[in-house]
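Asker: Sharing a structure, written as structure tokens. Questions coming.
Number of protein chains: 2
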Amino acid sequence: MRRFGSYMGGVAMACGAVAFMTSASTRSAADASSIFITKIPTGYRDWKLISVAHEEANLNSFAAVLGNDVAIKAYRDGTLPFPDGTIIAALHYRFVPSEENNKAFGQTQSFVAGDPTNVQFMVKDSKKYASTGGWGYGHFGQDGTPGGDALLKTCSPCHAKAVRDSVFTRYSR
Amino acid sequence: MRRFGSYMGGVAMACGAVAFMTSASTRSAADASSIFITKIPTGYRDWKLISVAHEEANLNSFAAVLGNDVAIKAYRDGTLPFPDGTIIAALHYRFVPSEENNKAFGQTQSFVAGDPTNVQFMVKDSKKYASTGGWGYGHFGQDGTPGGDALLKTCSPCHAKAVRDSVFTRYSR
Numbered sequence: 011m012r013r014f015g016s017y018m019g020g021v022a023m024a025c026g027a028v029a030f031m032t033s034a035s036t037r038s039a040a041d042a043s044s045i046f047i048t049k050i051p052t053g054y055r056d057w058k059l060i061s062v063a064h065e066e067a068n069l070n071s072f073a074a075v076l077g078n079d080v081a082i083k084a085y086r087d088g089t090l091p092f093p094d095g096t097i098i099a100a101l102h103y104r105f106v107p108s109e110e111n112n113k114a115f116g117q118t119q120s121f122v123a124g125d126p127t128n129v130q131f132m133v134k135d136s137k138k139y140a141s142t143g144g145w146g147y148g149h150f151g152q153d154g155t156p157g158g159d160a161l162l163k164t165c166s167p168c169h170a171k172a173v174r175d176s177v178f179t180r181y182s183r
Numbered sequence: 011m012r013r014f015g016s017y018m019g020g021v022a023m024a025c026g027a028v029a030f031m032t033s034a035s036t037r038s039a040a041d042a043s044s045i046f047i048t049k050i051p052t053g054y055r056d057w058k059l060i061s062v063a064h065e066e067a068n069l070n071s072f073a074a075v076l077g078n079d080v081a082i083k084a085y086r087d088g089t090l091p092f093p094d095g096t097i098i099a100a101l102h103y104r105f106v107p108s109e110e111n112n113k114a115f116g117q118t119q120s121f122v123a124g125d126p127t128n129v130q131f132m133v134k135d136s137k138k139y140a141s142t143g144g145w146g147y148g149h150f151g152q153d154g155t156p157g158g159d160a161l162l163k164t165c166s167p168c169h170a171k172a173v174r175d176s177v178f179t180r181y182s183r
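Heads up: the protein sequence lines correspond to chains V and H, in order. Those letters in the first sequence? Residues 11 to 183, per the working numbering, in order. Those letters in the second sequence? Residues 11 to 183, per the working numbering, in order.
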């Protein structure tokens, strides 16, 4: 089991960084929950790499962005919008200096992934998640607990700013 | 094919960051070549994630560190030294700010993987590479061209400083 910290966010899935301002605010809590991911997708830690990212400021996060086979194929083929079944995972860690690496280099220059903080998911289902651009969002904290609705409602309006089907992360060859 | 830049290094495999100072300097060029990796291991871009890293200073690199199945099993089981057959790959990219992400966040805070620059490998074969701690090192630049012996000879003495069987990168859960 991953250890998770209490802080939020990252780059690929950056929920919580933007104030809650979606029309979902008018839905009941029960309705809202149905558009979010409440179970961690099986086997995500074995998925292939999409890319990496770092956020400064309050997040101070290091992210590894992985995709299931549908996601990887779509990225490699340049398929947009992403097909139903796509799942993108952002594994977030603390961004920490590495004393061991710095010692080897003889200078301060090295940063590595520290403790895991959270993992976030985007799941494409154009019908189920039609009200949020076809994407369901999920956030799982330190002990695997899903993020609350207030947090998850911030995902979609922010991701809507990404020009490639609400996805910020580009594929790294 | 990955695009590769002209600069070297990263964190998991940080060849070139330390002056050449191994006893291999007394070997002939032909002998030296035999201890280095001269072919890119097949399928490495599909391998599983070990961790991520960032180097500042001259390197300014973003690294995704991947492992073949032998490597991943050893990491997850805590097996040290790594068994023969282990291959660790460090995919290096430029560390660049993301204007698109910063715009979404409303502030400058986001860094992503830019152009690929090089990919480096460590291959464990305790007999073949006995003279370099059981590890063969490889570096492949922009066009897939292997790094020269002068560069590759810097890998082993630097990695020997890593306490876990010459491997700097720790596994991120």
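Using N, Cα and C, we set each Cβ at its ideal position, and we do this for glycine too. None of the values given here were measured: they were computed from a predicted structure.
1) What do you get for H:Leu90, buried or exposed, if any count of 16 or more other CB atoms within 10 angstroms of its CB means buried?
2) Straight-line CA distance for H:Phe92 to V:Trp57?
3) Along the chain, where does the alpha helix (DSSP H) containing H:Phe115 start, and where does it finish?
4) In angstroms, rounded to a whole number, what distance separates the CA positions of H:Val21 and V:Ser176?
5) Identify the contact partners of V:Val122 in chain H, using a Cβ-Cβ distance below 9 Å as the criterion.
6) Taking only the alpha-carbon atoms, compute the straight-line gap between H:Asp153 and V:Ser44 and give it to the nearest angstrom.
7) Quick one, are the C-beta atoms of H:Ala99 and H:Tyr139 less than 8 Å apart?
8) Use the C-beta contact count for H:Val129: other C-beta atoms within 10 angstroms, 16 or more gives buried, fewer gives exposed.
9) By the 8 Å beta-carbon criterion, what residues does the stretch 68-79 of chain V contribute toward chain H?
10) For H:Asn111, collect the residues of the same chain with a Cβ closer than 6 Å to its Cβ; drop the 5 residues on either side in sequence, then sort them by chain order.
11) From the DSSP output, read off the bridge partner residues of V:Glu65.
12) Of the residues that make up the stretch 83-104 of chain V, which ones have a beta carbon closer than 9 Å to any beta carbon in chain H?
13) Rounded to a whole number of angstroms, what is the C-alpha to C-alpha distance between V:Pro107 and H:Ala172?
14) First and last residue of the beta strand (DSSP E) that includes H:Tyr147?
15) Is V:Asn111 close to chain H? Criterion is C-beta to C-beta, closer than 8 Å.
16) Given that H:Asp56 touches chain V, what residues does it touch there, using C-beta distances under 7 Å?
17) Comparing the C-beta of H:Cys168 with each C-beta of chain V, is any distance below 8 Å?
18) Report the three-state DSSP secondary structure of V:Thr32 (helix, strand or coil).
19) Mind checking whether H:Val75 and H:Gly95 have CB atoms under 8 Å apart?
20) Could you list which residues in chain H have their beta carbon closer than 8 Å to that of V:Pro126, in chain order?
21) Within its chain, find whatever has a CB closer than 8 Å to the CB of H:Arg86; leave out the 5 residues flanking it on each side and keep chain order.
22) By the 7 Å beta-carbon criterion, what residues does the stretch 144-165 of chain V contribute toward chain H?
23) Which of the three DSSP states is assigned to V:Val80 in this structure?
24) Determine the closest residue to H:Ala67 out of H:Phe105, H:Phe131, H:Thr179 and H:Thr48, with distance taken between C-alpha atoms.
25) Pick helix, strand or coil for V:Leu161, following the three-state DSSP scheme.
26) Could you check the C-alpha separation between H:Gln117 and V:Thr142 for me, to the nearest Å?
27) Counting only Cβ pairs nearer than 7 Å, list the residues of chain V close to H:Gln117.
28) Using 8 Å as the limit for Cβ to Cβ distance, is V:Ala172 near chain H?
29) Can you tell me whether V:Cys104 is helix, strand or coil according to DSSP?
30) Classify H:Ala63 as buried or exposed, calling it buried when 16 or more other Cβ atoms lie within 10 Å of its own Cβ.
31) For H:Arg183, tell me which candidate among H:Leu69, H:Gly88, H:Asp135 and H:Thr127 has the shortest Cα-Cα distance.
32) Using 10 angstroms around the beta-carbon of V:Ser166, count the other beta-carbons present and answer buried if the total reaches 16, otherwise exposed.
33) Quick check on V:Ala81 - is its C-beta less than 8 Å from some C-beta in chain H?
34) Note down, in chain order, each residue of its chain lying with its Cβ closer than 7 Å to the Cβ of V:Arg37, except the 5 sequence neighbours on either side.
35) Any idea if V:Ala34 is buried or exposed, counting beta-carbon neighbours within 10 angstroms, 16 or more meaning buried?
Answerer: On the basis of the supplied data:
1) exposed
2) 22 Å
3) Glu109 to Phe115
4) Because H:Val21 sits at a pLDDT of 44, beneath the cut-off of 50, its placement in the model cannot be relied upon, and the point is left open.
5) Val21, Ser61, Val62, Ala63, His64, Phe178, Thr179, Arg180 and Ser182
6) 48 Å
7) no
8) buried
9) Leu69, Phe72, Ala73, Ala74 and Leu76
10) Ser120
11) V:Ser71 and H:Ser120
12) Leu101 and Tyr103
13) 16 Å
14) Trp145 to Phe150
15) yes
16) Lys58
17) yes
18) In this prediction, V:Thr32 has a pLDDT of 36, which is less than 50 and means its spatial position is unreliable; nothing more can be read from the coordinates.
19) no
20) Ser182 and Arg183
21) Tyr181
22) none
23) helix
24) H:Phe105
25) helix
26) 24 Å
27) Ala67
28) yes
29) This sequence places Arg at residue 104 of chain V; Cys is not what is there. Correct three-state label for V:Arg104: strand.
30) buried
31) H:Gly88
32) buried
33) no
34) Any reading at V:Arg37 needs caution, since the residue's pLDDT is 43, under 50, leaving its predicted position unreliable; the model's value is listed next. Hits under 7 Å: none found.
35) The predicted position of V:Ala34 is uncertain, since its pLDDT is 40 and thus under 50; a value taken from the coordinates is nonetheless stated next. By the 10 Å Cβ count, V:Ala34 comes out buried.
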